[in-house]
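Quick notes on the structure that follows.
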Amino acid sequence: MSVVPGAGPARRGWLTDLRRIMVFTGKRLIALVLTVLVGVYLTILIANMGGQVDDLRLIQIRSNVSEQVRADPTFFDLPSEERQDIIERRVQMEVERRSLDQPFFVRSIDYLQGAMLLDLGRAEEMHSDRGARDVYWIIVERLPATLLLFGTANLLVFFVSVWAALWLSRRYGSGTDRAVIALAPSSAAPGWFYGIFLILFFAFVIPVLPAGGMVDIPPPESSWEYGLSVMRHMILPVVAMFLSSIFISIYSWRTFFLIHSSEDYVEMARAKGLPSALIERRYILRPTLSPIITSFALMLIGLWSGAIILEQVFNWPGLGTLLFQAIGHRDTPVIIGSVVIFAYLLALTVFLLDILYAILDPRVRVGIEGDNR
Amino acid sequence: MAQKTLLSVEGLELQYQTRRGVARAVDGVSFDILANEALVVLGESGCGKSSLAKALLRVLPRNVHRFSGKVMLGDTDIMALSEEAFRRDVQWTRIAMVMQAAMNALNPVVRVGEQVAEPLRVHMGWSRARAMERVARTFEQVGVSTDFLQRYPFELSGGMRQRVVLAMALVTEPELVILDEPTSALDVLTQAGIMNVLKRIKQEQGTSFMLITHDVATSSEIADRVALMYAGQVVEVADAQDFFHAPAHPYSQMLMASVPRLRQREEPAHIPGQPPDLIDLPSGCRFADRCPSRFGRCAEDPEPIRLARRHHVRCWLHAGRSGGGGA
């Protein structure tokens with residue numbers, strides 16, 4: 044029998060493969076940097092209300108300075124014009140120190156440059172627990188607490204739900220399956236909602252767990268006891284988040300796996316008499332690995348977006364609480380700093396995902412440059 | 073010819089539970105296939121021919137209501153085997169299948185050589201090298217270049233994919249290969265190529281085939297025997313010669329008259345009406361509504377009547393004309 048020539052491209056060497064991936068990676072990198080740039084600049088514009096926050100700042104500086112000068116006993120004897128002069132000079136100094144005399148546009152570009160280089164400037168009002176005023180340190184200090192809490196909860200939800208969904212997709216229509224579908228709307232309530240009830244019940248009615256915070260006060264001396272105390276404090280918030288998202292998560296993964304287990308090639312694998320573990324691994328999980336990893340990665344970086352209220356409810360010293368305070372203080376550098384770090388994490392994740400796709404899925408690997416169909 | 077009986081099916085039933093009721097997709101089907109014989113199962117869409125194939129290989133959907141009957145493969149009663157024993161000893165090692173929609177029958181992210189080798193590795197425990205050697209040989213048999221072993225399915229044309237799926241069915245050298253509409257999505261040249269491969273394999277390896285199709289013309293190339301299905305039943309089963317030249321059942325006759333031929337004056341005829349709903353089957357003969365030779369007795373359910381050796385028909389017209397008792 045004749046072989047149809049050109050049914051596929053000629054075998055490609057490893058070098059060409061590598062070159063393609065490099066070109067592709069470079070293009071993606073440029074696109075992502077541009078995306079981050081636009082996102083950060085928009086945040087700067089919005090957080091400063093297009094420059095209007097500057098007027099508020101000027102007024103605040105003036106009132107602060109005049110307050111200081113009036114309260115200073117060394118200036119009591121001076122005539123009011125001279126005092127006014129001193130006030131004007133000090134305001135001028137402060138304005139220059141903060142470069143408020145330059146047009147907002149110029150300052151916004153300066154700030155953008157700083158932000159892109161992770162030089163996030165100094166906070167207006169807030170400071171870190173160690174007393175530093177650098178926005179970078181304020182944020183980095185809070186990051187581990189949020190990552191610990193939300194990372195634990197989301198990893199738990201992810202792995203439990205994917206595993207349970209695979210199990211359920213084999214038992215389509217069974218009692219357990221129906222129960223999960225019936226329970227899916229429980230996720231309409233957010234985690235903090237369950238949190239309130241959990242605190243009420245397990246911290247007050249039956250006081251077995253702490254109501255909030257991250258460690259006992261005062262913190263235990265030994266690091267072993269410290270860790271144990273943190274874990275005890277994590278139980279309630281993690282359970283709250285788990286409860287609020289587990290059923291909808293199982294439900295959606297189950298549907299996902301059901302759709303993909305009715306593909307022709309899965310049926311073919313069953314007809315071939317392959318063991319079901321192999322079918323699940325090679326015929327259901329492997330072809331769907333790209334969407335699974337996408338959702339996993341996006342979940343990991345999306346962690347802190349839902350953090351604000353939950354961290355408030357559990358009094359957790361994380362980024363959510365920080366952002367809440369920053370908004371309250373109108374501390375724009377801190378708000379912008381959080382967004383910048385988030386934007387960078389997001390861009391980095393998307394970038395890694397692109398590369399992972401190319402490794403995982405041969406269709407993407409070939410489609411990277413031109414196509415062959 | 074005194075060939076051994078390879079597959080013998082008796083009273084096979086497969087029913088699905090649906091929202092509207094029970095669908096009797098395979099309803100008391102009996103036939104047999106000898107070693108090195110090709111049986112063509114003809115029938116309209118929805119007559120239960122694909123269900124028959126799936127029942128034989130036990131690839132059943134979740135909503136099976138009833139699955140019973142007697143199926144002997146050689147000396148093994150395969151209906152009596154447990155799921156595990158069937159999977160281990162019969163599936164793909166003794167009966168293999170080319171599924172309908174072979175276009176998507178290949179896993180998109182696994183190299184085709186790998187996929188074809190899978191049954192050898194899993195069922196027979198062969199080493200990778202040994203399995204790949206056999207796969208390469210099978211590829212050559214079905215007309216696929218061995219360069220394609222390392223390719224992914226999306227890099228292959230439709231005809232090539234079909235050949236790869238065929239190679240997958242042949243690689244374990246099973247006694248029986250079931251082909252469910254293997255050529256229906258392909259162009260005529262590719263169809264002819266694949267039919268040639270089948271004929272050659274049958275000749276060289278003595279494999280038996282069960283070819284399920286609605287394409288009378290293509291199937292006549294390879295058929296030794298023909299079974300015609302209608303509404304879940306086999307209405308006529310006969311040697312290909314007899315079936316194509318002297319069909320006995322009115323449905324067979326009308327079907328043959330509807331096939332266009334070269335050098336034929338009259339227009340191909342068509343069969344008026346629709347086949348009955350498998351959920352709500354009429355009592356009596358299921359073809360009666362569309363049958364021009366209908367008479368009083370058609371209200372009773374016809375039993376298979378033996379016309380000659382290995383020629384049975386489900387039609388009252390032939391009652392009393394049978395060529396003697398015994399099967």
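Going line by line, the protein sequences match chains W and Y. Counting from 44, one number per residue, gives the positions in the first sequence under the numbering used here. Counting from 73, one number per residue, gives the positions in the second sequence under the numbering used here. C-beta: ideal position from N, C-alpha, C; glycine also. Keep in mind it's a predicted model, so treat the numbers as computed, not measured.
So if I threshold CB-CB distances at 8 Å, which residues from the region 193–204 of chain Y count as touching chain W? 194 and 195
Pairing CB atoms from the region 281–295 of chain W with CB atoms from the region 197–216 of chain W, are three or more of them under 8 Å? yes
Residue range of the alpha helix (DSSP H) that includes residue 303 of chain W: 266–303
So, residue 244 of chain W versus residue 251 of chain W, is the Cβ gap smaller than 7 Å? no
Let me know if residue 319 of chain W comes out buried or exposed under the rule of 16 or more other beta-carbons within 10 Å of its beta-carbon. exposed
By the 10 Å Cβ neighbour count, where 16 or more other Cβ atoms means buried, how is residue 252 of chain Y classified, buried or exposed? buried
When the Cα atoms are used, what is the spatial distance from residue 122 of chain W to residue 136 of chain W? 21 Å
Using 8 Å as the cut-off, can you tell me whether the region 79–97 of chain Y makes contact with the region 353–370 of chain W, which would need three or more C-beta pairs spanning the two stretches below that distance? No, the region 79–97 of chain Y does not touch the region 353–370 of chain W.
Apart from the five residues on each side of it in sequence, which residues of its chain come closer than 6 Å, Cβ to Cβ, to residue 262 of chain Y? 231
Start and end of the alpha helix (DSSP H) containing residue 70 of chain W? 57–90
Compute the Euclidean distance between the alpha carbons of residue 382 of chain Y and residue 131 of chain Y, then round it to the nearest angstrom. Cα-Cα distance, rounded: 28 Å.
What number of angstroms, rounded off, separates the C-alpha of residue 165 of chain Y from the C-alpha of residue 285 of chain Y? 24 Å
Partner residues on chain W for residue 143 of chain Y, Cβ-Cβ distance less than 8 Å: Taking the beta carbon of residue 143 of chain Y as reference, no residue of chain W falls within 8 Å; the closest one sits roughly 16 Å away.
Provide the residue(s) that pair with residue 311 of chain Y in DSSP beta bridges, ordered along the chain. Y:297
Along the chain, where does the alpha helix (DSSP H) containing residue 237 of chain W start, and where does it finish? Where residue 237 of chain W is concerned, the enclosing alpha helix (DSSP H) stretches over 234–242.
Starting from the C-beta of residue 325 of chain Y, find all residues in its chain whose C-beta is less than 6 Å away, skip the five residues before and the five after it, and write them out in chain order. 319
Counting Cβ pairs, one atom from each stretch, are 3 or more of them under 8 Å apart for the region 316–336 of chain W and the region 227–240 of chain W? no
C-alpha gap between residue 280 of chain Y and residue 145 of chain Y, whole angstroms: 12 Å
Alpha-carbon spacing of residue 282 of chain Y relative to residue 404 of chain W, whole angstroms: Straight-line Cα distance between these residues: approximately 36 Å.
Could you name the residues of chain Y that residue 215 of chain W contacts, counting a contact when the two beta carbons are closer than 8 Å? 134
Between residue 167 of chain Y and residue 238 of chain Y, is the Cβ-Cβ spacing less than 7 Å? no
Check the Cβ-Cβ distances between residue 314 of chain W and every residue of chain Y, and say whether any is below 7 Å. yes
Would you call residue 169 of chain Y buried or exposed, if buried means 16 or more other Cβ atoms sit within 10 Å of its Cβ? Buried, by the Cβ-count rule.
Are any of the Cβ atoms in chain Y nearer than 7 Å to that of residue 209 of chain W? No, because no Cβ of chain Y sits closer than 7 Å to the Cβ of residue 209 of chain W.
Please list the terminal residues of the continuous alpha helix (DSSP H) segment that includes residue 141 of chain Y. The continuous stretches of alpha helix (DSSP H) do not include residue 141 of chain Y, which lies in the beta strand (DSSP E) extending over residues 136–145.
Stretch pair the region 150–159 of chain Y + the region 102–113 of chain Y: three plus CB contacts closer than 8 Å: Verdict: no, contact absent.
What residues from the region 286–315 of chain W come within 7 Å of chain Y, judged by C-beta to C-beta, listed N to C? 306, 307, 308, 310, 311, 313, 314 and 315
For residue 350 of chain W, which residues of its own chain have a beta-carbon under 7 Å away from its beta-carbon, when the five flanking residues on both sides are left out? Closer than 7 Å at Cβ, skipping near neighbours: 189, 193, 361, 362 and 363.
Counting along the chain, where does the alpha helix (DSSP H) carrying residue 105 of chain Y start and finish? Boundaries for residue 105 of chain Y: no alpha helix (DSSP H) harbours it, while the beta strand (DSSP E) harbouring it runs 94–106, taken from the DSSP string.
Between the region 373–393 of chain W and the region 202–211 of chain W, do three or more beta carbon pairs fall short of 8 Å? no
Taking CB distances under 7 Å as the criterion, tell me whether residue 163 of chain Y reaches chain A. Chain labels in this structure do not include chain A; the protein chains are W and Y.
Listing by chain order, which chain W residues have their CB less than 7 Å from the CB of residue 159 of chain Y? 316
Buried or exposed (CB count within 10 angstroms, at least 16 for buried), residue 190 of chain Y: buried
Outcome for residue 107 of chain W when other beta-carbon atoms lying within 10 angstroms are tallied against a minimum of 16: With fewer than 16 other Cβ atoms within 10 Å, it is exposed.
So residue 256 of chain Y and residue 287 of chain Y are supposed to be a Cβ contact under 8 Å. How far apart are they, rounded? 7 Å
Beta-carbon within less than 6 Å of residue 143 of chain Y's beta-carbon, same chain only, minus the 5 sequence neighbours each way: which residues are those? Setting aside the 5 residues that flank it on each side, residue 143 of chain Y is surrounded in the same chain by 81, 150 and 151, each with a C-beta closer than 6 Å to its C-beta; the list follows chain order.
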